[in-house]
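Student:
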Amino acid sequence: MPEFSVQPADLRSTSKDLADVSARMKGVMSRLSANLAAEGSPWGDDDSGRKFRHGDNDNGYDAQREWVDGSVDAKAVLLDEYSEGLRTGADTLEQTDDV
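According to the UniProt record's numbering, the sequence shown is numbered sequentially starting from 1.
Below, the structure written as structure tokens:
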């Protein structure tokens, strides 16, 4: 039967990597949001501008931006949860080894 082993240090290393990716994603989204806010609305207030912004059935730029923001936020939260789970797993393994 193949042998399987897990090292707490490896779990912690992967946990740190996931937390780093999450932090970078959050940083990118924060800078993007700030830059977009500073630029203002790139569309006019005419029919074409409203169509671009709102689209058909509220599927235009605003809706797509909200979807992207929410998706990236959800993925960053998920990475944070995985990171915490790996850290907790490493702690549990070490405590089990100490018993």
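All C-beta atoms in this analysis are idealised placements derived from N, C-alpha and C, irrespective of residue type, glycine included.
1. Considering just the uninterrupted stretch of the alpha helix (DSSP H) at Met-25, what are its terminal residues?
2. Considering only their Cβ atoms, is the gap separating Leu-79 from Val-21 smaller than 9 Å?
3. So, for Pro-8: in the same chain, excluding its five sequence neighbours on each side, which residues have a beta-carbon less than 7 Å away from its beta-carbon?
4. Reducing DSSP to helix, strand and coil, say where Ser-5 ends up.
5. In angstroms with no decimal places, state the Cα-to-Cα distance between residue 168 and Gly-27.
Tutor: Let me lay it out:
1. Along the sequence shown, one-based indexing puts residue 25 at 25. Segment 8-39, the alpha helix (DSSP H) holding Met-25.
2. The residue you call residue 21 lines up with position 21 of the sequence shown. The residue you call residue 79 lines up with position 79 of the sequence shown. Cβ distance < 9 Å, so Val-21 and Leu-79 count as in contact.
3. Taking the sequence shown and counting its residues from 1, the one referred to as residue 8 is at position 8. Ala-90, Leu-93 and Glu-94, listed in sequence order.
4. Stepping through the sequence shown from its first residue, residue 5 is reached at position 5. Coil at Ser-5, not helix or strand.
5. Here the chain has residues from 1 to 99 only, and residue 168 is not among them.
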